[in-house]
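Each number in our numbering corresponds to the 1-based position in the sequence shown with 8 added. As structure tokens, the structure follows; a few thoughts come after it.
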Amino acid sequence: MKILITGGAGYIGSELVGFFLREGHEVVVVDNLKYEPTSLLRYASHINFEFENLDVRRKSSLKKIMGGCDVIIPLACLVGFPLCEDNPIEAAQVNYEVNKWIAETKSSDQIVIYPCTNSGYGSSDGGVCTEESPLRPLSLYGRTKVDAEKAYQDTEGCCTLRLATVFGPSSRPRTDLLVNNFVLKAIKDKVLVLYECEFMRNYVHILDICRVYNFILDNWKNCSQQTFNIGNDEINMNKLQLAEKIGEHLPVEIIKSEFTQDPDKRDYIVSSQKIYDAGFSCKYDLDIGIKQLIKMYSLIDKPWHANY
């Protein structure tokens, strides 16, 4: 197949490209290279790799590229609540409006696999969130992603994924994701200060995210028009448990702070049993990811942003 990945130079996309190329697919990446211009260099010599330096909001140009592709994976996004709150107009345009346009513009025989976020659940109030649970996003980021998911759910030939908090190394590193962030702080500061440490999250390794895209393409008849939570249910845990797990690999002092609040109010337990019942299973656990991140940070020991 010929696969278009928008935002393909990003954290997930830069790894997903390699997975698809190894499976024998052709890959076209569209990205404006706003964050990391070198993450795709390793693919430059591959005969089945193409790249277009393009902002996805240039719809006429994007439409020409889309026309020759069998599969569309729209990863282009302003990710996370702080970035979206600082750039609300761009967030609405890139995260929602472009995706609504793709849903309306794609041909009926084109496949779309859209990555939403399980931050749309907001708070589970102690219950377990399944794909049938109500969506109550707490941030502009969550709202734009949920709105885009709805546009794809109403479109023929689409599958939507609600991703857990992703962790692990990438050619375009992200230090803001919780596991990646905690490992970096443990290395740099040797202290983890936890706010509202009982808040629950679920996690998934970046390579399992890449694997699930391949799984969905290989099982398209069963996955079309479906929505799946994608996480590793064996590592649903709160922030204190995560910090203690990192402490098994790195010397770190854990301080529970009761005098302030975490601005990110997400608190949920999510079940990915539906994708497991379809035949997928996660391969990479938290211990593997922490060890990989420690190696990654030793290779790219640079002056990270003060808040990581």
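Glycine residues also receive a C-beta, built at the ideal position from the N, C-alpha and C atoms. All of these numbers come straight from a predicted model, not from anything done at the bench.
Leaving out the 5 sequence neighbours to the left and right, which residues in its chain are closer than 7 Å to residue i when beta-carbon positions are compared?
{"i": "Ile224", "result": "Ile121, Cys167, Cys231"}
{"i": "Asp63", "result": "Asn40"}
{"i": "Ala17", "result": "Val37, Asp39, Leu41, Glu44, Ser47, Leu48, Arg180"}
{"i": "Ile254", "result": "Phe190, Val191, Ala194, Val260, Ile298"}
{"i": "Lys310", "result": "none"}
{"i": "Ala314", "result": "Residue confidence for Ala314 is low, a pLDDT of 42 falling below 50, so the modelled location carries little weight; the figure read from the coordinates is stated next. Result list for Ala314: empty, nothing under 7 Å."}
{"i": "Glu31", "result": "Asn222"}
{"i": "Ala108", "result": "Per the sequence shown, the amino acid found at residue 108 is Lys instead of Ala. For Lys108, where only same-chain residues beyond five positions count, the Cβ hits under 7 Å are Ala156, Ala159."}
{"i": "Gln101", "result": "Arg65"}
{"i": "Asp285", "result": "none"}
Return the chain-ordered list of same chain residues with a C-beta closer than 8 Å to the C-beta of residue i, the five sequence neighbours on each side being excluded.
{"i": "Tyr292", "result": "Gly176, His213, Leu215, Asp216, Asn240"}
{"i": "Ile73", "result": "Leu12, Val36, Val38, Glu60, Leu62"}
{"i": "Lys303", "result": "Pro177"}
{"i": "Glu164", "result": "Ser116, Gln233"}
{"i": "Tyr316", "result": "Confidence at Tyr316 is low in this model, with a pLDDT of 47, below 50, so its placement is unreliable and the value that follows should be read with caution. Same-chain partners within the cutoff: Thr183, Asp184, Asn189, Leu192, Lys193, Lys196."}
{"i": "Ser22", "result": "Gly16, Glu44, Ser47, Leu48, Ser178, Ser179, Arg180"}
{"i": "Gly88", "result": "Tyr149, Asp184"}
{"i": "Ile20", "result": "Leu83, Pro123, Val174, Ser178, Ile214, Ile217, Cys218"}
{"i": "Tyr305", "result": "Val191, Leu192, Ile195"}
Using a Cβ-Cβ distance under 8 Å, would residue i count as near chain C?
{"i": "Leu202", "result": "Among the chains of the structure shown, chain C does not appear; only one protein chain is present."}
Please determine, among the options, the residue with the shortest C-alpha to C-alpha distance to residue i.
{"i": "Arg219", "options": "Pro45, Gly26, Gly130", "result": "Gly26"}
{"i": "Ile298", "options": "Cys205, Leu186, Tyr221", "result": "Leu186"}
{"i": "Glu256", "options": "Gly165, Ser22, Ala194, Val201", "result": "Ala194"}
{"i": "Arg66", "options": "His33, Ile110, Arg30", "result": "Ile110"}
{"i": "Trp228", "options": "Asn107, Ile283, Gln249, Arg209", "result": "Ile283"}
{"i": "Gln161", "options": "Glu112, Gly135, Arg209", "result": "Glu112"}
{"i": "Ala84", "options": "Glu93, Gly75, Leu70", "result": "Leu70"}
{"i": "Leu258", "options": "Tyr19, Glu105, Lys108, Lys198", "result": "Lys198"}
{"i": "Ser68", "options": "Glu58, Tyr19, Tyr305, Val106", "result": "Val106"}
Determine which residues share a DSSP beta bridge with residue i and list them.
{"i": "His213", "result": "Phe175"}
{"i": "Thr235", "result": "Thr168"}
{"i": "Val36", "result": "Leu12, Glu58"}
{"i": "Thr125", "result": "Leu171"}
{"i": "Glu82", "result": "Note that residue 82 is Pro in the sequence shown, not Glu. Answer is Thr14."}
{"i": "Asn227", "result": "For Asn227, which the question treats as bridged, DSSP gives no partner whatsoever."}
{"i": "Ser47", "result": "DSSP, once it has assigned bridges, lists no residue as partnering Ser47."}
{"i": "Cys137", "result": "Val278"}
{"i": "Tyr203", "result": "Ser265"}
{"i": "Met245", "result": "Arg209"}
{"i": "Val120", "result": "Ile80, Cys166"}
{"i": "Asn240", "result": "Tyr211"}
For a quick check, are the C-beta atoms of residue i and residue j less than 8 Å apart?
{"i": "Thr173", "j": "Tyr211", "result": "yes"}
{"i": "Asn61", "j": "Leu86", "result": "no"}
{"i": "Thr14", "j": "Pro82", "result": "yes"}
{"i": "Asn56", "j": "Val278", "result": "no"}
{"i": "Val191", "j": "Leu301", "result": "yes"}
{"i": "Leu200", "j": "Ala251", "result": "yes"}
{"i": "Arg4", "j": "Cys124", "result": "No information on residue 4 is available, as it lies outside the stretch 9 to 316 that the chain covers here."}
{"i": "Phe288", "j": "Lys247", "result": "no"}
{"i": "Ser280", "j": "Asn222", "result": "no"}
{"i": "Tyr276", "j": "Cys137", "result": "yes"}
{"i": "Lys264", "j": "Cys205", "result": "yes"}
{"i": "Ile243", "j": "Leu202", "result": "no"}
{"i": "Leu29", "j": "His54", "result": "yes"}
{"i": "Asn235", "j": "Glu93", "result": "According to the sequence as given, residue 235 is Thr; it is not Asn. No; because the gap between Cβ atoms is not below 8 Å, this pair is not in contact."}
If you drop the 5 nearest sequence neighbours on each side, which residues of the same chain put their C-beta closer than 6 Å to that of residue i?
{"i": "Val79", "result": "Met9, Ile11, Ile119"}
{"i": "His5", "result": "For residue 5 there is no data in the structure shown, the boundaries of the chain being 9 and 316."}
{"i": "Cys290", "result": "Asp216, Asn240"}
{"i": "Arg209", "result": "Thr173"}
Please determine if the region 139-146 and the region 95-112 are in contact, where contact requires at least 3 C-beta pairs separated by less than 8 Å. no
Are the region 152-166 and the region 290-309 in contact at 8 Å, needing three or more beta carbon pairs? no
Report yes or no: do the region 43-60 and the region 107-122 share at least 3 C-beta pairs separated by less than 8 Å? no
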